[in-house]
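Its first residue numbered 684, the sequence shown is counted upward by one per residue in the working numbering. For glycine and all other residues, C-beta sits at the position ideal for the given N, C-alpha and C. Since the structure is predicted, the reported quantities are computational estimates derived from the model, not experimental observations. One structure below.
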Amino acid sequence: WSDSSRQINDIEGYLASATIVTNLQPENPIKMELAITLIELAEGESEVLELSSGLPPTLPAGPELAANAIELLGEGKSELHARAYTAMNNHVESVTIWKSLIQDQKENHILWRGLSKALNAAGDLETSERCRIKAEALEKSSQNNGLDTVVEPVATSTSEVVESKVAMPTEEQQNMANQVLLNPIQSQPKEEVQAQVNPQVDLAKAALDVQQNSLVAEEFKNPVSNAVSNQDISWYNQGVALIEAGKYSEALSCFDRALPSFANDDEMVIRILNGRGNAFYYLENFPACVESYHQAMLIRPEDVRGKTLYNMGTAYAEMERFQDSIKCFEQAIPRGLSKEEIKRTKDQIRRCNILLKEQNKKQKR
């Protein structure tokens, strides 16, 4: 009956019959089929809808359909859950689930595309676009696997893409206000946003700004021009190119292969170690990132660049070691930063001070 109802485009009949079967036989496979159908209907992307002239006037609204799907799915954090929450306009929960899934499968372009759609629905169009670009880059790299493949550089990073620029003023967000990973805002009238001042929102924005203002992508973006004739430099240059292409693990391997060839070249060792630090940063292995930067600094402490200290400070901020982060930012200012970079660094110090105060308050409770 359910299959027949679906085939003849009787949406209401299908939903009614499938619901009855699900209630009588909770283990029946039609339960999952029904949940998927409800989500597709809520999204407006179901094959049934493509064949029909429109939804019956008695069919529940999208959010209600999605809520019914959540009940069928039960507790969990799957792609279906994330899609359903988006259809329910619960964008915070949806983005949280997509990000959780990405943490386990960072190279899965399908998950990045799902996050892009969720952010778009939440109104964060800029971050959504970065996620879409990330998804396309991963899809291309999965089709062209291997270090010898020519990859078109994509200026993107995991930490930059996942985060929304606007914080969601919910209880959950307030509890996470001192963390670097944040959730996007749900759609609200602009007048309300301007009229209400929430110190927790400002705090969350400070954390996000610290995380998003790394100079990692800017410092070692170009290959070394004065050593192009040296074949050994190709591993370093390839590592740089792979970072730009979003293939951070492969980039790390290239830097590791390049390192032994320059044992007597301090300048190149520093560049390679900093390249490793950048790769670890994008892989969100922040302790290893800091360690690699630190090893580079020990070679020529007097020549440490402001950008390296800035990046190290950003990595410390990701680890919520805000005191260490502030020290790095302060030491970066007199070490060759441009006026604009100095301004950004001072902003970072201000934000980290806010986060440090909040962190100290929580530790005293």
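Option nearest residue i by Cα separation, candidates the options
i: V987; options: R954, A998, D1007; result: R954
i: M995; options: G745, G960, E762, N920; result: G960
i: Y993; options: P984, I1025, K760; result: I1025
i: P746; options: L1020, E723, E985, N706; result: E723
i: P1017; options: L755, I694, K990; result: K990
i: F1005; options: I694, C972, E1041, E790; result: E1041
i: T705; options: N791, L755, I694; result: L755
i: M951; options: C972, V973, R983; result: R983
Cβ shell of residue i (< 6 Å), same chain only, five flanking positions each side left out
i: Y931; result: A962, Y965, L966
i: L798; result: W781, C814
i: R940; result: W918
i: M1002; result: F969
i: N751; result: L721
i: I753; result: A767
i: L784; result: L794
i: S824; result: K930
i: C972; result: G960, F963, Y964, A998
i: I1032; result: I1009, F1012
Own chain, CB closer than 7 Å to residue i, minus 5 neighbours either side, in chain order
i: L698; result: none
i: K1047; result: none
i: L922; result: Note on identity: in this sequence residue 922 is Gly, with Leu being the wrong assignment. Excluding sequence neighbours, G922 sits near A934, C937, F938, A941, G958.
i: E985; result: none
i: M771; result: P746, A749, A750
i: Q879; result: Residue confidence is low: Q879 scores 35 on pLDDT, short of 50, so the model does not pin down where it sits. No coordinate-derived value is stated.
i: S975; result: L956, R959, G960, F963
Distance, residue j Cα to residue i Cα
i: S944; j: N957; result: 16 Å
i: F969; j: A767; result: 33 Å
i: I793; j: E819; result: 9 Å
i: G757; j: A725; result: 18 Å
i: G929; j: R1027; result: 25 Å
i: L821; j: W795; result: 9 Å
i: P740; j: L748; result: With a pLDDT of 45 at P740, under the threshold of 50, the predicted position of this residue should be treated as unreliable, and no value is reported.
i: S811; j: D948; result: 42 Å
i: C1035; j: A998; result: 12 Å
i: K800; j: E716; result: 22 Å
i: T769; j: D1030; result: 34 Å
i: S777; j: L1039; result: 29 Å
i: K1044; j: I1037; result: 11 Å
i: L1020; j: I816; result: 30 Å
i: E809; j: Q1014; result: 32 Å
i: E710; j: S761; result: 19 Å
i: N803; j: I703; result: 35 Å
i: L925; j: E790; result: 14 Å
i: A946; j: G759; result: 51 Å
i: K1022; j: E927; result: 26 Å
i: D787; j: G727; result: 29 Å
i: I694; j: L707; result: 20 Å
Integer-rounded CB distance, given that residue j should sit under 8 Å from residue i
i: H774; j: A805; result: 4 Å
i: A701; j: I713; result: 5 Å
Query raised in the report: Hey, is the stretch 1009–1028 in contact with the stretch 978–985, meaning 3+ C-beta pairs nearer than 8 Å?
Result: no
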